[in-house]
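Each remark here refers to the structure printed beneath this line.
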Ligand code: AMP
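Residue numbers (my numbering): 735 to 1139.
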């Protein structure tokens, strides 16, 4: 339990039909309670949570319960009887998927910031409305402490214009703000900083490629702590192949599906976001563990999905030698990046022409580093390659705690 010297942050992460929450000590990363409300607005809306070291509890929230009801439940029911924890809260950190080009830093919430998040709804139509509900509900129940928005897009705001513009007529950028915004910025920022510390490198002279590989996947080129290119675009559909998302695709595929197959734009959007990627190629699963198992059992479609994932990732990494010039480190993070030594081995093999060399044993040993970390490159590799578990809750807690009085 929290002691009276603990200062904690409530981290709130609202999805379209879910709210994840955690109370975190931003200094040492201890999590006192965490949970998730799911199926919000549906008949079986429910919430589950666990206090540190205790078993998980689950409860129905009542038919149609929304984000506000979930946040009220956290305060009125879960935290009732935990005055120490409530008293220890010094800030609330809200994860926000898109701040467009309006926010390049964690930002203290006020009414104008709520309006800014609303303005960015076209770039995150499922997430930003949910974030607003979460912010409004949390501001009501915690009026006395700072609420801080941590934007997934913020870290990518340092990209130069030649990297973030699409080669389409200018008016779509100036009038409609259509450009590359990126995603997973909090994770890229965190692992880029961590690898620099791990190597004892000079942060002002350090180039790293960060690979966040989970159900959603993106890669960034980071120079001296600043993002200079990233793979996700206007929305998190661009770039690498993902669990159910296609990643980069010839736009003509979309016109072909609409014009020749009679599909609507909405139907194509669903195909590219929900039915493609690992799922679309394997016809079996969007889960990388399932892909790996299928491949081991001789399933050719799973083997193809694995090959495509690794090939496309290696090509992206290779392309970031152009913006960076010199690459000091490559970091793998996210569920796939942290756990799949097979994927890392294949990608490193494809990058051999760049002088990157894997330490095969260390790479496989990194499996046991679950929740830990480990260098996986050989001593004579041209660049340092490492695995660093991401921890977005901790980063949001740290960034939000900087606003506490
Ligand atoms: P995330 O979105 O970061 O939670 O990552 C989820 C992805 O990580 C899913 O595709 C999982 O299959 C994958 N993953 C988790 N554990 C493993 C593992 N041991 N080996 C391969 N992939 C894994």
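Glycine included, every Cβ here is placed at the ideal spot set by N, Cα and C. Here the structure is a predicted model, which is why all the values come from computation and not from measurement.
Residue i: CB within 7 Å of a non-hydrogen atom of the ligand AMP
i            : result
residue 764  : no
residue 939  : no
residue 948  : yes
residue 1129 : no
residue 696  : Only positions 735 to 1139 of the chain appear in the structure, and residue 696 is not among them; the question remains open.
residue 977  : yes
residue 1015 : no
residue 1040 : no
residue 1033 : no
residue 1021 : yes
residue 1070 : yes
residue 1073 : yes
Distance, residue j Cα to residue i Cα
i            : j            : result
residue 894  : residue 843  : 27 Å
residue 839  : residue 782  : 32 Å
residue 945  : residue 922  : 8 Å
residue 763  : residue 741  : 11 Å
residue 891  : residue 1090 : 29 Å
residue 1039 : residue 1006 : 15 Å
residue 1042 : residue 1058 : 25 Å
residue 997  : residue 982  : 20 Å
residue 1072 : residue 1018 : 23 Å
residue 1037 : residue 1076 : 12 Å
residue 965  : residue 817  : 44 Å
residue 822  : residue 799  : 28 Å
residue 971  : residue 904  : 22 Å
residue 1024 : residue 999  : 30 Å
residue 1093 : residue 1060 : 21 Å
residue 832  : residue 917  : 8 Å
Proximal residues to residue i (C-beta, below 8 Å), its chain only, five neighbours per side dropped
i            : result
residue 780  : 771, 772, 773, 792, 793, 794, 795
residue 1120 : 929, 932, 1063, 1064, 1065, 1066, 1107, 1108, 1109, 1110, 1111
residue 1129 : 884, 920, 921, 923, 924
residue 914  : 890, 893, 897, 898, 899, 900, 964, 966, 967, 968, 972
Own chain, CB closer than 7 Å to residue i, minus 5 neighbours either side, in chain order
i           : result
residue 868 : 746, 748, 753, 801, 805, 828
residue 880 : 825, 842, 1137, 1138
Same chain, Cβ closer than 6 Å to residue i, neighbours up to 5 away in sequence not counted
i           : result
residue 743 : 758, 760, 825, 827, 1131, 1134, 1135
residue 938 : 958
Outcome for residue i when other beta-carbon atoms lying within 10 angstroms are tallied against a minimum of 16
i            : result
residue 1020 : buried
residue 1124 : buried
residue 1015 : buried
residue 906  : exposed
residue 776  : exposed
Original post:
Should the stretch 1002-1015 be regarded as contacting the stretch 973-981, the criterion being three or more beta carbon pairs within less than 8 Å?
Top reply: yes
**OP:** Taking 8 Å as the threshold, find out whether the stretch 871-880 comes into contact with the stretch 853-861 through three or more Cβ pairs.
**Re:** no
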